[in-house]
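*Asks:* Take a look at the following structure, please.
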Amino acid sequence: MKSIRRPLSVDHFVSKYNLQSFFPEALLSTARLIGMDKNKSIVTQNHRLSFLYCLVEGRLQVEYYDLDGRTVVFSIQEPLSLTGDLELFYGEEKRTVSTVKALCASQLLSFPATAVREYGYNNPVFLRFICSNLSRKLFDAS
1 MKSIRRPLSV DHFVSKYNLQ SFFPEALLST ARLIGMDKNK SIVTQNHRLS FLYCLVEGRL
61 QVEYYDLDGR TVVFSIQEPL SLTGDLELFY GEEKRTVSTV KALCASQLLS FPATAVREYG
121 YNNPVFLRFI CSNLSRKLFD AS
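With the UniProt record's numbering, the residue at position 10 of the sequence shown is 10, and numbering never jumps.
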C-alpha cells in the first residue's frame, strides 16, 4: 500500500464525489489517499481494522477463505463503496470477516477508526451515508 501525500488529490476526490455533504469536515481533515496495486490486499481476513476505507478509483474484490482453503467471492466493489464499515460499527474488538484486494490499480481514502468514532458516530448525515452503503451491500448480496 502506498500513501499518496498530496492534499490536492484528497481534495479532488472529496469534490468529485461531493463527500463534504456526507462526511463531517473534522473527519475529512483526517483523510489520506492510499494507492493500491493490482492483487494487493488492503484488508486481510481475521485481522483488526484500524481504518474505514472509501474506494474512489478502481475496483476491489471482497472474498472469504474457508477452512478447506476454498475462496468465496462475496462482491466486487466500485467507487464510492466503503470497506470496514461493518467491522467499525460492530465493535472495536471484532476482526474482519473477509479479505479485500484490488482487482486493478485502485485509490482509496482512508479514515482512522478513532476519528470516525470521534467525528462520525453522532453525525446523522454521516450515519445515513453508512447505512445506505451497508444496505446496498446487503441488497447486492441477496
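The beta carbon of each residue, even a glycine, is placed where N, CA and C say it ideally should be.
Here the structure is a predicted model, which means the values were calculated and not measured.
Could you check the C-alpha separation between ASN133 and ASP68 for me, to the nearest Å?
*Replies:* 31 Å
*Asks:* Determine which residues share a DSSP beta bridge with LYS40 and list them.
*Replies:* Per DSSP, none; premise fails for LYS40.
*Asks:* Going straight from the alpha carbon of PRO79 to that of LEU108, what length do you get?
*Replies:* 9 Å
*Asks:* Excluding sequence positions up to five away, which residues of its chain have a Cβ less than 7 Å from the Cβ of LEU88?
*Replies:* LEU49, LEU52, ALA113 and VAL116
*Asks:* Between TYR65 and the ligand HEM, is there a pair consisting of the residue's CB and a ligand heavy atom that are separated by less than 7 Å?
*Replies:* Absence of the ligand HEM from the depicted structure is noted, as is the absence of any ligand whatsoever, leaving it without description.
*Asks:* Which stretch, first to last residue, makes up the alpha helix (DSSP H) that contains residue 144?
*Replies:* Past the edges of the chain, shown from 1 to 142, lies residue 144, and the structure says nothing about it.
*Asks:* Starting from the N-terminal side, write out each stretch of the alpha helix (DSSP H) that is 4 residues or longer and does not extend beyond the stretch 46-105.
*Replies:* 85-90
*Asks:* Identify the residues that DSSP records as bridge partners of PRO112: which are they?
*Replies:* PHE51
*Asks:* Spell out a yes or no on whether the stretch 52-65 and the stretch 94-107 are touching, meaning 3 or more CB-CB pairs, one atom from each, closer than 8 Å.
*Replies:* yes
*Asks:* What did DSSP end up calling SER15 once you bin it into helix, strand or coil?
*Replies:* helix
*Asks:* Are GLN45 and THR96 closer than 8 Å when you measure CB to CB?
*Replies:* Closer than 8 Å, so yes.
*Asks:* For SER121, name the three-state secondary structure that DSSP assigns.
*Replies:* Rather than Ser, the amino acid found at residue 121 in this sequence is Tyr. TYR121 falls in the coil class under three-state DSSP.
*Asks:* Output needed for ASN123: all residues of its chain with C-beta closer than 6 Å, excluding positions within five of it in sequence on either side, in chain order.
*Replies:* PRO24
*Asks:* So, for LEU19: in the same chain, excluding its five sequence neighbours on each side, which residues have a beta-carbon less than 6 Å away from its beta-carbon?
*Replies:* none
*Asks:* Please tell me whether ILE130 and ASP85 are closer than 8 Å, where the distance is taken between their beta carbons.
*Replies:* yes
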